[in-house]
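Here's the structure we're looking at; comments come further down.
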Amino acid sequence: MSTVSRLAGFALVLSLVFGAAAVAGGAIGPERDGRTPKKPHGGMDDEMSPADEIRGLAVADDGLRLELAATSLPRDHATALRFTVRDGRGPVRDFELTHTKRMHLIVVRRDGRGFQHLHPEMNADGTWSAPIALPDAGAYRVFADFQRAGEAHTLAADLTVDGTADYAPFPQANAVAETNGYTVHMNARGAELGFAITRAGKPVQTEPYLGAGGHLVALREGDLAFLHVHPADEHSAVFEAHLDPGSRYHLYLQFKHAGRVHTAEFAR
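Residue 678 in this note's numbering sits at position 1 of the sequence shown, with consecutive numbering throughout.
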């Protein structure tokens, strides 16, 4: 066999090897558009409840995009966080009520600190606005959680606050939290998370908040994926939360008592 023939044969083998590797890599490699990969029909997702749905990994999904009016806010200064949700025709205005509100806005620093749950107001041109103050520098994640045409959505975008950030490590897992004189005990039974609240050693009956006995947000460590959590009923602080046992989560329980909303933070 001539040298030219041997080189041609060798090139053919290389093209076949690299072609197969490319196909394999495309099959198992991560999606790079920021969206949660969709499971094939008939996979585990078909058997999972809506509480398992992971959202908030992308700024755009299902033809909708979250656009912040500013991607940087001043440190420790009262200001307004403004944004729109847009589709191919412009700002969206037709939002539906979920948990008594048309828009839930979650803001949290990348290390899980500085959690805020806001309920912005929308003006006539489709721009939402909420007052906010962020006392600590760093990178934040902004989640817009809403429902439209019967379908729930959570879009997320990044926000920065100038200054030197002192990021905290992921906290130790805890089942008891203290907040504003209240003690909150978390009891996990499978996918069910129940919370018992006391003050000065006496049980507290929470007041309705967002149409239930409490509101729970779960954010996964690292990518801060947003887990949509359902209250078990309208009166108790019990929630259905299918947490991945291989991941760690920041948990933020909000409850209302004596006319004020309080937030208890957990790690699990």
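Glycine included, C-beta positions come from ideal geometry on N, C-alpha and C.
Computed from a predicted model, the values in this text were never measured in an experiment.
Straight-line spacing of the CA atoms in F847 and V785 works out to 14 Å. Shown here for H796: same chain residues with a beta carbon closer than 6 Å to its own, the five before and five after excluded, namely K778 in chain order.
The beta-bridge partner set that DSSP reports for R759 consists of S806. For M863, the enclosing beta strand (DSSP E) starts and ends at 859-866.
When the five nearest sequence neighbours on each side are left out, the beta carbons in the same chain lying within less than 6 Å of the beta carbon of S913 are those of G890, in order along the chain. Of all C-beta pairs linking the stretch 830-839 to the stretch 742-756, three or more are shorter than 8 Å, placing the two stretches in contact. In the three-state reduction of the DSSP assignment, E911 falls in the coil class, being assigned neither a helical nor a strand state. Within 10 angstroms of the beta-carbon of V819 lie 16 or more other beta-carbons, which makes it buried. Counting along the chain, V906 sits inside no beta strand (DSSP E), nor does DSSP assign it H or E at all. A Cβ-Cβ contact shorter than 9 Å links H862 with A852. As computed with DSSP, T748 is found in no beta bridge at all.
Cα atoms of A873 and V915: separation of roughly 9 Å, rounded to the nearest angstrom. In the DSSP assignment, K933 falls within the beta strand (DSSP E) that extends over 926-934. For R752 and P812, the gap between their C-alpha atoms comes out near 6 Å. With fewer than 16 neighbouring CB atoms inside 10 Å of its own CB, H754 falls in the exposed class. According to the DSSP secondary-structure assignment, R937 is paired through a beta bridge with H934. P768 has R763 as its beta-bridge partners, per DSSP. Counting along the chain, the unbroken beta strand (DSSP E) around L896 starts and ends at 892-897. Burial check for R732: the Cβ neighbour count within 10 Å reaches 16 or more, so the residue is buried.
Taking N857 as the centre and dropping the five residues before and after it, the same chain places the C-beta of H939 closer than 7 Å to its C-beta, in chain order. For A854, the CB contacts under 7 Å within the same chain, skipping 5 residues up- and downstream, are V861, A941, E942, F943 in chain order. Counting C-beta atoms within 10 angstroms of its own C-beta, D738 has 16 or more neighbours from the protein chains shown and is therefore classed as buried. Between G827 and the set E773, L870, G815, the nearest pair of CA atoms involves E773. With a threshold of 16 other beta carbon atoms within 10 Å, Q882 falls short and is exposed.
G740 and G765 do touch by the CB rule: their CB atoms are close to 6 Å apart, below 8 Å.
As the crow flies, the alpha-carbon of A757 is around 6 Å from that of S806.
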